[in-house]
Amino acid sequence: MPSPTSARDPLSSITLDAATLTVIHQHNADIARQPASLTKLMTAYAAYACIGEYGHSWDETVTVADDDVHAVADDETRMGLVPGETVTLGRLLEGLMIVSGNDAALAMARHLGGSQPAFLERMNRHARQLGLRSTWFASVSGITTPRHASSARDMAMLAACLLNDHPQILAITAQRAFEHGSFSRNNQNALLGDDGVDGLKTGYTRAAGFCLAATACRAVPGRAQPVRLITVALGSESREARDARVRELLADGFAALAGTAMDA
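Per numbering that gives the first Met the number 0, residue 0 is the first one in the sequence shown, and the count goes up by one each step.
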């Protein structure tokens, strides 16, 4: 089980081709550290697996339990669930990925796994199957929890698997805002709207720092088809620094691909 570092350790980052998994850039990519709400990439991946394996449907309704709401601290992100209300699994997925609702993560895990511990076991089983060697999930939402850890490389690989297996999630992660009842909040991914950026997941805790898994699909000179890149940055000191670094890494990644194509 990896031991996570703190946000004070050097920034971790990686850029890879989502289709081929070819690494274009990496920096401290294998440092195990708290991944904050990038955890929800696996929450979503495991939810899709449950839908496929056990006959669940995204139109299936979930009755929100008291603990789904009251176990979420006041300083955590939420989608505005109310105990006793009914909501579809698809709506929970939107709240999970657009506004990083921890209440959505708890309700989804309880409904699909039977309990949070059972759903966590599934998340860790998927991590082993995907070869995420620096990853151990101790939280379904990404809150700071002892032994909860991943790395930039593992998060990028997980993002690629999620996009390749379930590309329809991009229709959710590209949304700029979310409303549920009286609750409304903007997507915190400030890169949405940049050239080809349509996801994927932001994260922040004091222990993890500012984190982002971003993805963009752009035309590349010399390539017959557009190319999708994924860049992950963990442990930035501010939202602005994180966003600037990821923008730079995506631009450098596409420029490197263009240069390679011209040399071929």
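Glycine included, every Cβ here is placed at the ideal spot set by N, Cα and C.
Since residue i and residue j should fall inside the 8 Å C-beta cutoff, what is the C-beta to C-beta distance between them, to a whole number of angstroms?
i	j	result
Leu161	Ile168	6 Å
Val231	Ile13	5 Å
Val139	Ala108	4 Å
Leu233	Cys210	5 Å
Phe182	Met41	Rounded, the Cβ-Cβ distance is 25 Å, inconsistent with contact.
Val196	Leu256	Not quite, the Cβ-Cβ distance comes to about 16 Å (not below 8 Å), so this is no contact.
Asn185	Arg175	6 Å
Ala43	Leu95	6 Å
Asp29	Ile23	Contact flag wrong, Cβ pair sits at about 16 Å.
Inspect the beta-carbon positions of residue i and residue j and report whether they are closer than 8 Å.
i	j	result
Val68	Thr85	no
Arg152	Ser133	yes
Ala159	Leu20	yes
Leu80	Val63	yes
Ser149	Pro9	no
Leu37	Ala206	no
Arg217	Val226	yes
Leu111	Phe136	no
Gly202	Glu236	no
Glu127	Ala45	Per the sequence shown, residue 127 should be read as Arg rather than Glu. It is not a contact, given that the beta carbons lie outside the stated cut-off.
His165	Tyr47	yes
Lys39	Ser99	yes
Glu247	Ile171	no
Ala173	Asp242	no
Glu59	Ile142	no
Gly280	Thr214	Here the chain covers residues 0 to 263 and nothing more, so residue 280 does not appear.
In the DSSP assignment, find the unbroken beta strand (DSSP E) run with residue i in it and report its ends.
i	result
Gln115	That residue, Gln115, is in no beta strand (DSSP E); its alpha helix (DSSP H) goes 115-128.
Asp197	196-204
Ala215	208-217
His165	Careful: His165 lies outside any beta strand (DSSP E) and carries neither H nor E.
Span of the alpha helix (DSSP H) holding residue i?
i	result
Ile229	Counting along the chain, Ile229 falls outside any alpha helix (DSSP H), though it belongs to the beta strand (DSSP E) covering 226-235.
Leu169	169-172
According to DSSP, which residues form a beta bridge with residue i?
i	result
His147	Per DSSP, none; premise fails for His147.
Ala176	Asn185
Ser12	His26, Ala232
* Asked: In chain order, which alpha helix (DSSP H) runs of at least 4 residues are fully inside the segment 39-111?
  -> 39-53, 65-69, 88-97
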